[in-house]
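Numbering (the numbering used here), first residue to last: -4 to 673.
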């Protein structure tokens, strides 16, 4: 290359780095140093640029011209590429920075010119604030692509033959004969209007042999109704979760127009790489003794690790874990009550609370639970509490810790009759500062029935009119904002844990609390955190941009938390929520730092809105109130969000200062309330 061409190439590279992320974060001197060390190469269409699954690259690549194709999953190299990049896009930095062969594989789509930069020269670009944001966005995008559906991960792939469809008045003996001749374990019962029941081998034996129904009974007398259904386009992961959630043996699969096209059972899921752990639920359901249940429950971490390794997204793995925990609880309750023949399981409904109620349970999650009884059982409740204590002991043996703060049915505060729950909940709404009203409200709005009556439980039903209680709205808002997102606390530093990050308390809990409050504010009955944020997105309570950032932050932190706990379980350690910052890669460390800062900024914005509005307006829909830029930036050393620092009407400032003092008093009440026993 002659001197003029070399100068032109150098000028072009400098301009390219100055205009593309994250290299625009480098100083001019840093970019000049990078260009000096660069090696620019030409590739023909189809040439391999880099395979970061095969070896760890020492360089970071940037596309100067042309296009390249990327494969983000080593198991899908034979499939079409997961993404394609053009001029100005960086490649291979994930593997180079983490020093792990984590991909991608890059092949030139067209004739392409690629610049190679030694990783140690351009690392400062990724360590900058702009670089941290770039990494977070890249990882979020890459994980969504990497978790796309491979073969056998939509229901259309799992349907193997046409279903047997019978009329509601068909004789049971004829249904059994047809099922046998066609080698089918079940038949769909057409009720009309697109509704179906289900007749199974097990159901026929139970209804006719065990319960004594005549063999000429009609289909409607022996069927399970309604049958659990899903559509052809549903992912097998979501369908599996639905099956586990409903304790169903089969799913009826329908087309877009509602026509029944097939039936999928648990065995069919075994051909799907992302749901290969389905058998653990069936093993748990069939455990004959407590010892059997314990042995099978202790296999769950291995199953979860396998699901994550096979490509199932972290939120889906966590949802599967929650359904498995449900199955363990149901079986534990059943086995314990088999030894308490004087008590009936039909008298109560078991409610999962907390993370399991939201279907977000991980390996470190406590089991928070409550029970609601029929009113006529009031005198027998103490006997039931003794049995529930035994259930807690069984769960502990299964590796599932029971809530240390006694949010469990063996405690009188969490096992009441319908009427007692109704009266207590109304008192908490009317007087949230008394008897831990705010804390109990925040616990019970996550309630999900998993045993007994599947309808809306009485404790949750009372909170349907939450917005009509301004005092409760205000208290729950301040409770939601009291736990701030931050990397370390002064207590951590004094204890010598400056490099430890409590991913639950300092990252996830603030997002969960915000999501709960905004969902109540818009009247959503959604339980899962991401679902709650989506339900409130774009409302006066939560701007769409803030909702998107909170969702992204929640997904990233949950993935890091799950990976950390699976590593601990594999090493035989007790899973916890404490991430040693040396344990995670520089990329993930940057993502955590950026994520926590953004969550904290959203909390501050919500706090300012709360300070500026009276309590009776917090629960009402209202126009969005974006904070002025000066408050967002905290000019002049002023503490952002402190109304005493605002310019403008002095009377307004005085009122705001008074409100701030009042709100601080409320927070003190909330903090003191946490130490009380419910």
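The beta carbon of each residue, even a glycine, is placed where N, CA and C say it ideally should be.
Checklist entry - Since residue 108 and residue 60 are thought to touch, with beta carbons under 8 Å apart, how far apart are those beta carbons, to the nearest angstrom? => result The count along the chain shown starts at 1 and reaches residue 108 at position 113. The count along the chain shown starts at 1 and reaches residue 60 at position 65. Right, the Cβ-Cβ distance comes to about 5 Å (below 8 Å), so this counts as a contact.
Item to check | Simplified DSSP assignment, three categories, for residue 411 | outcome: Counting from one through the chain shown, the residue named residue 411 turns up at place 416. In the structure shown, residue 411 sits in a strand (DSSP, three-state: E or B).
Checklist entry - What three-state label does DSSP hand residue 338 in the structure shown? => result Residue 338 sits at position 343 when you count from the first residue of the chain shown. In the structure shown, residue 338 sits in coil (DSSP, three-state: anything other than H, G, I, E or B).
Checklist entry - Beta-carbon of residue 150 versus every beta-carbon of chain C: anything under 8 Å? => result In summary, chain C is missing from the structure at hand, where a single protein chain is found.
Item to check | C-alpha gap between residue 198 and residue 577, whole angstroms | outcome: As a working note, residue 198 is residue 203 in the chain shown. As a working note, residue 577 is residue 582 in the chain shown. So the two alpha carbons sit approximately 55 Å from each other.
Checklist entry - Quick one: what's got a C-beta closer than 7 Å to residue 394's C-beta in the same chain, skipping five residues either side? => result Counting from one through the chain shown, the residue named residue 394 turns up at place 399. Closer than 7 Å at the Cβ level, and outside the excluded window around residue 394, lie 292 and 293.
Item to check | C-alpha distance - residue 186 paired with residue 249, whole-angstrom precision | outcome: By 1-based counting over the chain shown, the position of residue 186 is 191. By 1-based counting over the chain shown, the position of residue 249 is 254. Their backbone Cα atoms lie some 15 Å apart in a straight line.
Next on the checklist: Rounding to the nearest angstrom, what Cα-Cα distance links residue 501 and residue 387 in this structure?
Outcome noted: For the purposes of this step, residue 501 is taken as residue 506 along the chain shown, with counting starting at 1. For the purposes of this step, residue 387 is taken as residue 392 along the chain shown, with counting starting at 1. Whole-angstrom Cα-Cα distance: 28 Å.
Next on the checklist: In whole angstroms, give me the CA-to-CA distance for residue 478 and residue 495.
Outcome noted: Taking the first residue of the chain shown as position 1, residue 478 is located at position 483. Taking the first residue of the chain shown as position 1, residue 495 is located at position 500. The alpha-carbon atoms of residue 478 and residue 495 are separated by roughly 18 Å.
Next on the checklist: For the alpha helix (DSSP H) containing residue 573, name the first residue and the last one.
Outcome noted: Along the chain shown, one-based indexing puts residue 573 at 578. Where residue 573 is concerned, there is no enclosing alpha helix (DSSP H), although the beta strand (DSSP E) around it starts and stops at 573 to 575.
Checklist entry - What are the boundary residues of the beta strand (DSSP E) that includes residue 446? => result Within the chain shown, numbered from 1, the residue matching residue 446 stands at position 451. Looking at the DSSP string, the run of the beta strand (DSSP E) that includes residue 446 is 443 to 446.
Checklist entry - Can you tell me whether DSSP reads residue 116 as helix, strand or coil? => result Here residue 116 refers to the residue found at position 121 of the chain shown. The answer is helix: DSSP assigns residue 116 an H, G or I state.
Item to check | Which of helix, strand or coil DSSP assigns to residue 153 | outcome: By one-based count along the chain shown, residue 153 stands at place 158. Here residue 153 sits in helix by DSSP.
Item to check | Paired residues, beta bridge with residue 393 - DSSP | outcome: Taking the chain shown and counting its residues from 1, the one referred to as residue 393 is at position 398. DSSP, once it has assigned bridges, lists no residue as partnering residue 393.
Item to check | Coil, strand or helix - residue 372 by DSSP | outcome: Start at 1 with the first residue of the chain shown, and residue 372 comes out as number 377. It is helical.
Item to check | Environment of residue 612 [buried if 16+ CB atoms lie within 10 Å] | outcome: Here residue 612 corresponds to residue number 617 of the chain shown, with the count starting at 1. With a pLDDT of only 47 at residue 612, under 50, the local geometry of the prediction cannot be trusted, and no value is derived from it.
Next on the checklist: Need the endpoints of the beta strand (DSSP E) that residue 58 sits in, please.
Outcome noted: Position 63 of the chain shown holds residue 58. Element bounds for residue 58: 54 to 60.
Checklist entry - Buried or exposed: where does residue 72 fall if 16 or more other Cβ atoms within 10 Å of its Cβ makes it buried? => result Here residue 72 refers to the residue found at position 77 of the chain shown. Flag for residue 72 reads exposed.
Item to check | Cβ-based neighbour list, residue 226, same chain, cut-off 8 Å, excluding 5 preceding and 5 following | outcome: The residue labelled residue 226 in the question sits at position 231 within the chain shown. Contacts found: 150, 248, 249, 250 and 251.
Item to check | Proximity winner among 234, 570 and 55, relative to residue 560 (alpha-carbon distances) | outcome: In the chain shown, residue 560 corresponds to position 565, counting from 1. The shortest Cα separation from residue 560 among 234, 570 and 55 belongs to 570.
Checklist entry - Cα separation between residue 106 and residue 80? => result Numbered from 1 along the chain shown, position 111 holds the residue referred to as residue 106. Numbered from 1 along the chain shown, position 85 holds the residue referred to as residue 80. Computed Cα separation, rounded: 13 Å.
Checklist entry - Can you name, in chain order, every residue of its own chain whose Cβ lies under 7 Å from the Cβ of residue 645, other than the five neighbours on each side? => result On the chain shown, residue 645 is found 650 positions in, with the first residue counted as 1. Only weak support is given to the placement of residue 645: the predicted model assigns it a pLDDT of 36, under 50, and the question is left unresolved by the model.
Checklist entry - Given that a residue counts as buried once 16 or more other Cβ atoms are within 10 Å of its Cβ, and exposed if not, what is residue -1? => result Taking the chain shown and counting its residues from 1, the one referred to as residue -1 is at position 4. A residue is called buried once 16 or more other Cβ atoms fall within 10 Å of its Cβ, and residue -1, having fewer, is exposed.
Next on the checklist: Can you tell me where the beta strand (DSSP E) holding residue 245 begins and where it ends?
Outcome noted: Residue mapping note: residue 245 aligns to position 250 of the chain shown, counting from 1. 245 to 249 is the span of the beta strand (DSSP E), which, as asked, contains residue 245.
Item to check | Under 8 Å between C-beta atoms of residue 367 and residue 416 | outcome: Numbered from its first residue, the chain shown carries residue 367 at position 372. Numbered from its first residue, the chain shown carries residue 416 at position 421. Yes, Cβ-Cβ distance for residue 367 and residue 416 is below 8 Å.
Checklist entry - Can you find at least 3 beta carbon pairs, one from the segment 501 to 514 and one from the segment 531 to 545, that sit closer than 8 Å? => result Three or more Cβ pairs closer than 8 Å define a contact, and the segment 501 to 514 meets that threshold against the segment 531 to 545.
Checklist entry - Shortest alpha-carbon distance to residue 43 belongs to which of 64, 369, 311 and 119? => result Position 48 of the chain shown, counting from 1, holds the residue named residue 43. The residue with the shortest Cα to Cα distance from residue 43 is 64.
Item to check | Closest by C-alpha distance to residue 438, when choosing among 318, 347 and 7 | outcome: Here residue 438 refers to the residue found at position 443 of the chain shown. Looking at the Cα atoms, 347 is the closest of the given residues.
Item to check | Reference residue 15; option with closest CA among 592, 38, 58 and 364 | outcome: Your numbering for residue 15 matches position 20 in the chain shown. Answer by Cα proximity: 58.
Next on the checklist: With three or more C-beta pairs closer than 8 Å as the rule, is the segment 519 to 527 touching the segment 373 to 393?
Outcome noted: A contact between stretches requires three or more CB pairs, one per stretch, nearer than 8 Å, and the segment 373 to 393 fails this requirement with the segment 519 to 527.
Checklist entry - Is it true that the CB of residue 550 sits closer than 8 Å to the CB of residue 310? => result Here residue 310 is taken as the residue at index 315 of the chain shown, counted from 1. Here residue 550 is taken as the residue at index 555 of the chain shown, counted from 1. A Cβ-Cβ contact shorter than 8 Å links residue 310 with residue 550.
Checklist entry - Can you tell me the Cα-Cα spacing of residue 589 and residue 420, whole angstroms? => result Taking the first residue of the chain shown as 1, we reach residue 589 at position 594. Taking the first residue of the chain shown as 1, we reach residue 420 at position 425. Straight-line Cα distance between these residues: approximately 39 Å.
Item to check | Span separating the alpha-carbon of residue 356 from that of residue 350 | outcome: In the chain shown, the residue the question calls residue 356 occupies position 361. In the chain shown, the residue the question calls residue 350 occupies position 355. Residue 356 and residue 350 have their C-alpha atoms spaced approximately 5 Å apart.
Item to check | Limits of the alpha helix (DSSP H) - the one that residue 541 falls within | outcome: Walking along the chain shown from the start, residue 541 turns up at place 546. Taken as a continuous stretch (DSSP letters only), the alpha helix (DSSP H) holding residue 541 covers 539 to 565.
Item to check | residue 361 classed as buried or exposed, judged by whether at least 16 other C-beta atoms fall within 10 angstroms | outcome: For the purposes of this step, residue 361 is taken as the residue at position 366 of the chain shown. With 16 or more Cβ atoms within 10 Å of its Cβ, residue 361 is classed as buried.
Checklist entry - Could you give the distance in angstroms between the alpha-carbon of residue 332 and the alpha-carbon of residue 565? => result Residue 332 sits at position 337 when you count from the first residue of the chain shown. Residue 565 sits at position 570 when you count from the first residue of the chain shown. Between the alpha carbons of residue 332 and residue 565 lies a gap of roughly 33 Å.
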